[in-house]
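Engineer:
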Amino acid sequence: MKRRALLSLVLAMALLVVMAVPVGAANPTVTITVSAQVISITNSHPTWNIGLVTVSAVKYFSADNSQDDDYATITNTGNVAVNVAISCTDFVAANTTFNWVLAAAAGDQIYSLYANLAATPTVYDVEVKKSTPNYVTAVGGLAAGNTNKWSMNFTAPSAFHAEDNGLDKTATVTLAASKVS
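Position in the sequence shown (from 1) plus 35 gives the number in the working numbering.
1) Use the C-beta contact count for S122: other C-beta atoms within 10 angstroms, 16 or more gives buried, fewer gives exposed.
2) Note down, in chain order, each residue of its chain lying with its Cβ closer than 8 Å to the Cβ of A173, except the 5 sequence neighbours on either side.
3) Taking only the alpha-carbon atoms, compute the straight-line gap between V136 and A92 and give it to the nearest angstrom.
4) Alpha carbon to alpha carbon, how far is L202 from L87? Give it in angstroms, no decimals.
5) Provide the residue span of the beta strand (DSSP E) that contains F189, from first to last.
6) By how many angstroms is the C-alpha of A194 removed from the C-alpha of V163?
7) Closest to T112 by C-alpha separation, out of V65, T66, Q72, would be which residue?
8) Distance check for N183 and N78, CA to CA, integer angstroms please.
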């Protein structure tokens with residue numbers, strides 16, 4: 036009899052345990068997906084070899100330095116809309132201090148550089164300024180995957196010094212992208 040009572044008690048407890056666990060209960064899940072923000076641009080024309088210049092010469096960022104702009108293309112290769120800013124350095128000759136300074140208007144040992152970001156080839160509407168902290172926003176809100184045509188015009192100094200003779204000078208234009216806020 037004790038065996039039977041003990042067996043009945045064990046069966047009753049087993050039945051309570053089975054009833055306490057729902058049959059086929061689902062465990063809900065949440066799948067999380069993220070994408071990293073990528074800020075990236077490319078430029079189709081990474082060099083500009085102007086060649087020899089004369090006093091006050093104006094040159095255009097095109098295949099033949101003519102005013103018929105052969106635009107370069109900025110492409111937003113990232114996945115967020117960006118603003119593109121532009122800046123430039125002074126022209127520097129290797130191993131010397133005979134440099135040309137960038138300014139709004141050309142002068143004695145001073146050159147100017149303007150960027151064209153419009154559809155009109157002869158409208159150079161953005162004065163390119165010296166690098167940090169003087170970046171000038173040139174293109175606003177360039178959507179991911181989109182492109183923007185652009186060009187530049189360079190005006191040589193109004194006077195050269197004898198020390199400039201035969202010296203190649205280089206400057207660097209920087210296009211910087213930042214996320215549209």
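Here a beta-carbon is modelled for each residue, glycine too, at the ideal position from N, C-alpha and C.
Structural biologist: Considering the structure as presented:
1) buried
2) V119, A120, I121, A150, L152, V161, W185, L210
3) 16 Å
4) 10 Å
5) 182 to 190
6) 21 Å
7) Q72
8) 10 Å
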